[in-house]
Each structure stands twice: as C-alpha cells, then as structure tokens.
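J.: Numbers in this note's numbering are just positions in the sequence shown, counted from 1, shifted up by 940.
The beta-carbon is built from N, C-alpha and C at its ideal position, and this holds for glycine as well.
Fair warning: this is a prediction, and the values are worked out from it, not measured in the lab.
My structure is below; once you've seen it, I'll send some questions.
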Amino acid sequence: MARCDSKSELTFLKDEVISHLHDESWTAEVNAKLSSIRHERVRQPVIFIGITTSSIVAGALKTKAAIEQYLDDYAIDADVICVGSHGLCSREPIVEIQLPGRTRVAFTNVTDDRVNSILDGALNGFIQPENALFQYHSDIHEPWHGIPFRHELPFFKKQNRVLLKNAGIICPDSIAEYVAHGGYRALAKSFRKYTCDDICRIVEESGLRGRGGGSYPTGIKWRKALQVATNERYLICNADESDPGGFMDRLLIESDPHRVIEGIILSSYAISANKAIVYIRDRYKMAIKRIQNAIEQAYEVGLLGYDIMGSGYSLDIEVRKGPGAYVCGEETALIKSLEGKRGMPSIKPPYPSEIGLNGKPTIINNVETLANIPEIINNGSQWFASLGTENSKGTKIFSINGQAAQTCLVEISFGTPLAVLLELAGGVKDGRTFKALHLGGPSGVSITADELDAPIDFDELPQRGIIVGSGGVQVLDDTVCMVDLVKYFMHFIRNESCGKCIPCREGSNRMYQILDNISKRPISKEGHNTLERFKGVIQLETLAEVMRDTSLCGLGQTAPKPILKALKSFREEFEEHIFDRKCRASVCRDLRTFYIDIDKCTGCTACAKKCPTQAIYGTPRSPYFIVEERCIGCGICQETCKFGAVFFK
C-alpha cells in the first residue's frame, strides 16, 4: 500500500546520515542522495497519492490501482509513492504529479474513473487549470501556468502548519524521507548539547501545555517525574483518541509517524525513562501499522534500542492496543488498562508523575503534545514562545466535520478567532444557516455566531464558558436539534462511564432520562404533565453542580457542560420541546405531528397498510386521515407515499 524504505536505503541512513546528524558534515554524494529522496530533481515522472483512513473511504485504493494499471498498460516508467493527508478530507483522493523539470501539482477528488484523463494530460505536459488544485513553489522547477501555488490557497494561507508541515508531502512509511526533510536533527542536537534537566527547562521556557484537553504545563509535569528518586520511569504516548468526531492524532500518525517517534524519544530522554509505550485504540488499524513500521525502522538504523547514537542512552518503545473506552483517555484509567485491569480512574494525588505504571513515575502525553517537542528543540524555546498568546503558546490542530462544507484537519496559532475555524471549513454546506460551532466533544460546548470572535486560548475561553478540548470541532446548521444533540452526548457519557463513582454513574443516567423525556410526546396534555417535564429541566443545574463537584475524574466533572451551555444559548428550543411539544428542526421523531394533504391524497391505501400502529384511516380512492393520538411519528407513511401527500409539523 505504501513504499517502505529498501534495505539499501536503511543502510545508507545508518552508515552515512545518522552518524553525521549532529553536524551534517555530509559529502556531496550524500547530499545528492538526500536531495533525490526529497524529490527535488526527478528523472522520471513521480505520482504521489494520499493514502490514509479518510482517503480510503473516498476510494483512494481504487484510484491507486487505476494509476498502476494505466502505467502498466502504456509501459510508462514512473514512481508511485503513497503519502499522508493534506487535511482536505472532503477533497480526497488527492493525487499529485511531478514531471522532470516541472513543479509538483495536485489534483483533488481523483476517483478511479478520472485517472486516465488526468494522466493523459499531465504526462504529456498539458494540465487544464480547472482540474488542478495547486502546485508547489520551487526555485528550480518550471511552474505550470494558471495554477495557484499551495501557499496562496486560503485553506493553507490562514494556517500555521508547524506539526503538519510534512503531512501530505512525505511518505509516512519512509524514515529516509523524514530524515531528508530534517527529521531526527532535534534528537542528535539533544544528545550532543543537553542533559535531561536542560530539556525539561527548555520545554518549560517554551510554555508548551498539554494538548489533550487538560492544558497542564508540560515541562513542569516532566520535572516532577524527573525529581522522583527511582530506578525506573515510563513515558506513555496517549493515542487513544476518544472524542466522537475527533481525528487529529489519528491523521497525524498516519501522515507523519516518525515525528511522533522522535517526540517520544526526546520526551523519554527528558525524564530519563528507558521504556515508552504508545497506547492506541485497536480499531485504528492504519495508524497502528504505520507507527509500528516507524518503530521498526528506528530500531534498524540505531535510533531506538541500546546506546542510541553513542549517547549512552537506551530506550525501547512498544505499541499497546486499547479497547476504545472513552474513560481510558483519563491518565489513571489508562494506566489501569495497561496493567491488565479494568479501566477505572483513581483518586489523585498521588499523580502518575509520582506513582504511575507499575508503581513507578509515569508521564502521559498525547500525540500532539509530543509532536511539538522536536520543533521546540530545533528552533528554541523563544521561537515557540513567540507563537500564540501570552498563556497559550504554539499552534493547535483541529479536526472539523459535521455540517461543514468541507471536512478537514487544520493547524492554527493560538490567539486566532474561532471564526477562522468556520472559515477554513468553508462555512456551512448546502447553503444552510449556521447555528453553532461545537468544541470539546461530549464534554464540550456549542458556540453561537456572536461568540465566534473569541480567541483560541487555554485561559480566555474558559472565562467565557468555552473549552478548547482536544481539538474536535463540529459545525452545526439549522437542521440540528440542540436538545437531541445534548441528549446524544449524555447518552454517550452514560454508556462510557466506568460506574465507579455514584455522581457520574447515576447523574449521567438521570440527565439522559430528563432530556429523553422532553424530546418525547407527553403521556397526556394535562398541565401537570408539562410541569413535571419542566421540573426535570430545572433539576439539570443542580445535578450538574453535584456531578462537577463530586465526580472522581474529568468525565463526570465536565459531562454537564454541553447541557448547561445549551440551556443558556438555546433556551427557546428547550421551551418549545417542553411547552409547545415541538422540535423546530423536526429531528425529535416523537414530537412530530404527521398529517395528510387531502388535495394530494389519491386514496391508494399504501400508507395505511404500512402504518405500524394502524393510525391511518379512510376509504379507498378517497383522502385518508392520520389519528394523532395513535401516531408514533415514525415517518413510514411519508416514505411510502408516492404522491407527496404526507407532511409533518
């Protein structure tokens, strides 16, 4: 599926490149080889195709097979190289072509039926500008006329791609390409110049904070583990991305796994750990395959194992697959899972940095946090501190989906307004009306249009009742019912709760019951029934306070956030559900009232025959009627009617 480095390339790296990474004192021949690996000058056509989980769903494997078949049919000598994702998930499969002497040019939505026409033109030196998305800027290649450069596109221009700079450009299964693009320089620099304490100090000075949602200062966390007197420490890379709709870590691993490996090695060195673990959920098949391949390559060239680069430091990394439980994103629950126990959080303190895996000091950082470390070491703490805001340094990766015009992965500097996220996603799809931007997953909040001017900042957003979270973003339009949305999140929390503490276990269940009650048609229309439904909503705030103050871990403590924010920003929708028994988005099926337009009904009897509750009555060849008291709002009648006579309100 992807081109891996040959034995000769790995030998070349080990003997000629890795040994000179600290000073880059390479011969002209080695430099020429590295230039060739970077595809700066090519002797024959090179075709790049993005192969990630998202692109495979879009048909990338069929596209790749069609490309290979085309080259075979016409006996064309060309290299086909699999790369990662640019983040433009809605425009995949993306295919790029580089001809000798010409710039590399990208085409989007290249399904297998478009391969022949695109290759026919490109390989013969003709590209229609409307078929191409962008071309790369190069001082040594002739550009294509009429095709914009990559950095000129609004999608890339408004980003600050630090961690994603290799994504979509290099082959994720090639350590040679990663090294040729500057990889593992930070590791060589650290072994040559810095002690463990120095690395902790540099990361502290940089202002890096955890990207997994907790936003705790990374350098301070490391130093606590380093200061514990022990003969063994562990570093855990938390790749168990559990937020629904979040795919930041997954796509980063699939596109640039060696960046993550280098970050793990540097972080392990900083806390003097000789054992590191990548904890990743079992269903991330491609991410697992690529991270395991990267680890094997790092061992083969001497960047893992005993006495790395002659530094006297040794490190082993292993991949451990998790069951995919949401609660295992919490540090202590993750550790329990690694120890073969049920994933349940523990009371803190003591913190894992003091007593963690197997009773030893353990540092747990997520993928994005660790991926920042090579850049900080290479460019210095002051460079990193110059990015972002006073209290939130660097950049943040967001995955954007939902009702967005384009599903995408973006990286922007802290301090950027939230509105830019919506802009990068192309706004709302199908010309619908924007309703809200949901940040933070099941424990996040939905932000209205008048709040989009808020800057992305770890400290400022919480003051407005908003959290950054791990980076999952959903764009919501007017087809979304906010009551149904928060009910879904509470259903998710209820099912994912480990059940250890009563406030979370019982509180989440009671909250779900209240939301489910108001999204259903009441048993009767009497006033006291409406009052009971309203009292349930009033109890939500009290329940939220109890859960927040008494739950054992962050899952229960933050679970009420989406409900409370929705009650504040979309109170009228809750009132409509309670008092008017109406869902404006027509999502809550049990509140829909169906009726038949007598002018359009032909009396064909199809709807009456299909109705599961026999709620439709009438005489054949005459208009039929729906008995509201018996209707359950399933919508089968509307789906069955061929004359468009069934409506709902």
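Less than 7 Å between the C-beta atoms of A1179 and I1115, yes or no?
T.: Cβ distance not < 7 Å, so A1179 and I1115 don't count as in contact.
J.: Please name the residue, chosen from L1059, G1543 and E1258, that lies closest to C1581 on a Cα-to-Cα basis.
T.: Taking only the C-alpha atoms, the option nearest C1581 is G1543.
J.: Please name the residue, chosen from G1065, N971, A1062 and V1102, that lies closest to N1319 on a Cα-to-Cα basis.
T.: When only C-alpha atoms are compared, the closest one is V1102.
J.: Closest by CA to D1079, which one among T1043, D1196, D1113 and L1073?
T.: Answer by Cα proximity: T1043.
J.: Verify whether the separation of the beta carbon atoms of F1283 and K1276 is less than 7 Å.
T.: Before going on, a small fix: residue 1283 reads as Gly here, not Phe. Yes, these two residues count as a Cβ contact at 7 Å.
J.: Can you tell me whether S975 is buried or exposed? The criterion is at least 16 other CB atoms within 10 Å of its CB, across all chains shown.
T.: S975 should be labelled exposed.
J.: Return the residue from the list T1498, S1459 and T1388 that minimises the CA-CA distance to G1617.
T.: No information on residue 1617 is available, as it lies outside the stretch 941 to 1589 that the chain covers here.
J.: Inspect the beta-carbon positions of A1107 and D1196 and report whether they are closer than 7 Å.
T.: A contact, by the Cβ cut-off of 7 Å.
J.: For A1213, tell me which candidate among F1588, R1031, L1011 and L1244 has the shortest Cα-Cα distance.
T.: When each option's Cα is compared against that of A1213, the closest is L1244.
J.: K1540 by DSSP, collapsed to three states: which one?
T.: Three-state result, K1540: coil.
J.: Hey, would you say R1151 sits closer than 7 Å to N1306, going by beta carbons?
T.: Yes, the Cβ-Cβ distance between R1151 and N1306 is below 7 Å.
J.: What's the call for S1383, buried or exposed, on a 16-neighbour Cβ count within 10 Å?
T.: Its Cβ being crowded by 16 or more others within 10 Å, S1383 is buried.
J.: Enumerate in chain order the residues of its own chain whose CB-to-CB distance from F1510 is below 7 Å, with the five nearest sequence positions on each side excluded.
T.: These residues qualify, in order along the chain: M1422.
J.: Could you round the C-beta distance between G1424 and V1368 to whole angstroms and report it? I think they count as a contact, below 8 Å.
T.: Reading off the sequence, residue 1424 comes out as Asp, not Gly. 18 Å between Cβ atoms; not a contact.
J.: Could you give the DSSP three-state label for A1165: helix, strand or coil?
T.: DSSP places A1165 in helix when its eight states are reduced to three.
J.: Run through the region 1469-1549 for me and flag every whole beta strand (DSSP E) of 3 or more residues, listed as ranges in chain order.
T.: Qualifying beta strand (DSSP E) stretches, in chain order: 1534-1536.
J.: Compute the beta-carbon to beta-carbon distance between G1600 and N1457, rounded to the nearest angstrom, for a pair I have assumed lies under 8 Å.
T.: Residue coverage of the chain in this structure runs from 941 to 1589, which leaves residue 1600 outside it and unanswerable.
J.: If the criterion is Cβ atoms closer than 7 Å, does the pair L1039 and P1088 meet it?
T.: In this structure, P1088 does not lie closer than 7 Å to L1039 by Cβ.
J.: According to the Cβ coordinates, are T1272 and S1286 closer than 7 Å?
T.: Against a cut-off of 7 Å, the Cβ pair of S1286 and T1272 comes out as a contact.
J.: Grouping DSSP H, G and I as helix and E and B as strand, with all else coil, what is E1270?
T.: Correct three-state label for E1270: coil.
J.: Are the C-beta of G1494 and some C-beta of chain B separated by less than 7 Å?
T.: Of the protein chains in the structure, only one exists, and it is not chain B.
J.: On the three-state DSSP scale, how would you describe V1413?
T.: Looking at V1413 - three-state DSSP - the assignment turns out to be strand.
J.: Where do the ends of the alpha helix (DSSP H) carrying V916 lie?
T.: Only positions 941 to 1589 of the chain appear in this structure, which leaves residue 916 out of reach.
J.: In the region 1090-1128, which residue ranges form an unbroken alpha helix (DSSP H) of at least 4 residues, counting only runs that do not cross its ends?
T.: List check, alpha helix (DSSP H) in window: 1094-1097 and 1115-1120.
J.: With H1198 as the anchor, note down where its alpha helix (DSSP H) starts and where it stops.
T.: Counting along the chain, the alpha helix (DSSP H) containing H1198 begins and ends at P1197 to A1210.
J.: DSSP three-state call for P1382: helix, strand or coil?
T.: P1382: helix per DSSP, three-state reduction.
J.: Is the region 1247-1262 touching the region 1202-1218 in the sense that three or more CB pairs, one from each, lie closer than 8 Å?
T.: Result yes; three or more Cβ-Cβ pairs closer than 8 Å.
J.: For A1128, count the other beta carbons within 10 Å of its own beta carbon; 16 or more makes it buried, fewer makes it exposed. Which is it?
T.: Counting Cβ neighbours within 10 Å, A1128 comes out buried, since at least 16 surround it.
J.: By DSSP's criteria, G1558 is part of a beta bridge. Which residues make up the other side?
T.: Answer is Y1564.
J.: Starting from K973, trace the alpha helix (DSSP H) both ways and give me its first and last residue.
T.: Where K973 is concerned, the enclosing alpha helix (DSSP H) stretches over A968 to I977.
J.: Would you say L1361 and F1398 are within 7 Å of each other, going by their C-beta atoms?
T.: For L1361 and F1398, no; Cβs fall outside 7 Å.
J.: Pairs of beta-carbons, one from the region 955-965 and one from the region 1004-1023, closer than 8 Å: are there three or more?
T.: Contact fails: fewer than three Cβ-Cβ distances are below 8 Å.
J.: What's the C-alpha gap between R1529 and E1569?
T.: C-alpha separation (whole angstroms): 14 Å.
J.: Would F1066 pass as a contact of I1058 if the rule is Cβ separation under 7 Å?
T.: Not a contact, by the Cβ cut-off of 7 Å.
J.: Can you name the residues that DSSP bridges to I1160?
T.: None, per the DSSP bridge assignment.
J.: Among I1228, E1092 and D1393, which residue has its Cα nearest to the Cα of P1357?
T.: Among I1228, E1092 and D1393, the Cα nearest to that of P1357 belongs to D1393.
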